[in-house]
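Engineer: Offset between the sequence shown (1-based) and our numbering: plus 303.
Ideal Cβ placement from N, Cα and C applies to all residues, glycine included.
Please read all numbers here as calculations on a predicted model, not as lab measurements.
Just dropping this structure here.
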Amino acid sequence: MNILSIESSCDETAAAVIRDGREIVSSVVATQIEEHKLYGGVVPEIASRRHCESICAVVAEALEKAEMTAEEVDAIGVTFAPGLIGALLVGVNYAKSLAFGLSKPLIPVHHIRGHIAANYLAHPELEPPYMCLVASGGHSHIVEVLDYTEFRVIGRTIDDAAGECFDKAARAMGFPYPGGKYIDEASKLGDPTRYSLPDPHTQNPYDFSFSGLKTAVINLIHNAEQKGEQINANDLSAAFQHTVCKILERKFIAAAREKGYKKIALAGGVAANSGLRASLENAARENGMEFFLPPLSLCGDNAAMIGAQAFYEFQKGHIADESLNAFATMSIDKVRF
Ligand code: KG4
Ligand code: ZN
């Protein structure tokens with residue numbers, strides 16, 4: 304089964320053709336990052352307008368690379384939640400028109416379910432159940448993947464997402480948006496012990512709280528400025544990354560152990576972080592767990608992961624009609640359309 308999938312939830316307009324949920328026939332991602340960089344973050348109206356301008360060309364390129372016509376695909380999958388509402392509406396309306404114009408099934412896909420499904424494209428042997436850590440710009444979750452379309456969230460952030468915290472700390476250090484990858488690079492040159500940062504407490508041991516950590520970085524920088532001292536961005540990046548990775552690793556591994564999972568996976572934009580990849584790899588080995596993670600090309604937003612998840616949603620009969628809407632927020636375990 305070939306699914307044409309579309310993703311437009313934030314600042315990437317993407318389309319892909321995915322075969323049977325596991326094989327990338329084609330994948331195209333048009334990023335808007337250079338433009339949003341000028342404003343230090345994503346400007347929602349600009350994002351919607353750029354999606355509107357590029358979506359036809361991106362879909363055409365994905366079909367061309369797949370050497371297929373729109374008539375030849377079996378279904379259309381689209382991200383319908385969560386994300387920037389104006390951005391999501393562009394993809395949803397485009398997919399809706401295409402599906403109903405061509406009389407193809409329309410499959411609504413939850414963006415975070417898509418991030419998790421990126422692992423199916425890289426690991427043919429991966430099947431639920433397993434436990435997944437999702438760390439992206441908007442979400443930080445510890446999720447039990449009970450089945451391809453059945454999830455149980457056992458921990459989530461009570462304030463900022465991990466990626467958001469990376470980006471805000473990076474901004475305070477003077478790095479461009481989105482700063483996660485700049486912190487990652489800088490931390491390779493730094494000493495993580497030079498600055499000490501807090502490890503915030505949460506009532507539920509599997510929840511996360513990153514806003515105190517972000518504030519600590521901002522305060523550290525302000526205090527140094529007031530004293531006329533210079534911050535070492537490499538050392539601060541290393542301390543920050545080390546702290547975030549240790550928090551994510553400790554809670555995720557404890558949750559997997561408590562629930563008895565021997566199979567664990569990582570997903571979301573922050574899955575690209577070299578420190579997190581390495582520390583989870585180590586922790587999994589020490590705990591005798593099998594560890595799955597997406598290649599760097601599938602960590603950030605893309606439509607291939609949406610097409611992978613769409614295949615499994617289709618198997619469960621999750622097909623939308625022409626009244627499909629987009630939603631800015633929606634829990635991964637309570638999907639409705
Ligand atoms: O999943 P994603 O592409 O978008 C959302 O669905 O939110 O995640 C984007 C986030 C950004 O916060 C970005 O800074 C972060 O992923 N990110 C990283 C790295 N690469 C991307 N964070 C830390 N280290 C990286 N190497
Ligand atoms: Zn994402």
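Could you give the residue range of the beta strand (DSSP E) that holds D450?
Structural biologist: 443-450
Engineer: Nearest by alpha-carbon distance to F595: which of N605, K619, Y564 is it?
Structural biologist: Comparing Cα positions, the closest option is Y564.
Engineer: If you follow the alpha helix (DSSP H) that S329 is in, where does it begin and where does it stop?
Structural biologist: From DSSP, S329 is part of no alpha helix (DSSP H) but of the beta strand (DSSP E) over 326-334.
Engineer: Who does V320 pair with in a DSSP beta bridge?
Structural biologist: L307, S329
Engineer: Answer yes or no: the CB of H354 versus the heavy atoms of the ligand ZN, is any distance below 7 Å?
Structural biologist: no
Engineer: In chain order, what are the residues with a CB under 6 Å from some non-hydrogen atom of the ligand ZN?
Structural biologist: H414, H418, S439, G572, D604
Engineer: Under a Cβ-count criterion, where at least 16 other Cβ atoms within 10 Å of its own Cβ denotes burial, should L599 be classed as buried or exposed?
Structural biologist: exposed
Engineer: Is D450 near the ligand KG4, with its Cβ less than 7 Å from a heavy atom?
Structural biologist: no
Engineer: Relative to the C-alpha of R325, which candidate in G394, H426, A398 has its C-alpha closest?
Structural biologist: Among G394, H426, A398, the Cα nearest to that of R325 is on H426.
Engineer: Please report how far the alpha carbon of A319 lies from the alpha carbon of L366, in whole angstroms.
Structural biologist: So the two alpha carbons sit approximately 8 Å from each other.
Engineer: Should D463 and F513 be called a contact, given that it needs their Cβ atoms to be closer than 8 Å?
Structural biologist: yes
Engineer: Does DSSP classify G591 as helix, strand or coil?
Structural biologist: coil
Engineer: Residue range of the beta strand (DSSP E) that A378 falls in?
Structural biologist: 378-384
Engineer: Less than 8 Å separating the beta-carbons of V520 and A475?
Structural biologist: Contact flag set, yes.
Engineer: Would you mind working out which of L601, S490, R553 sits nearest A586, comparing C-alpha positions?
Structural biologist: R553
Engineer: Could you name each continuous beta strand (DSSP E) segment of 3 residues or more that falls completely within the segment 384-438, going from the start of the chain to the end?
Structural biologist: 409-413, 433-438
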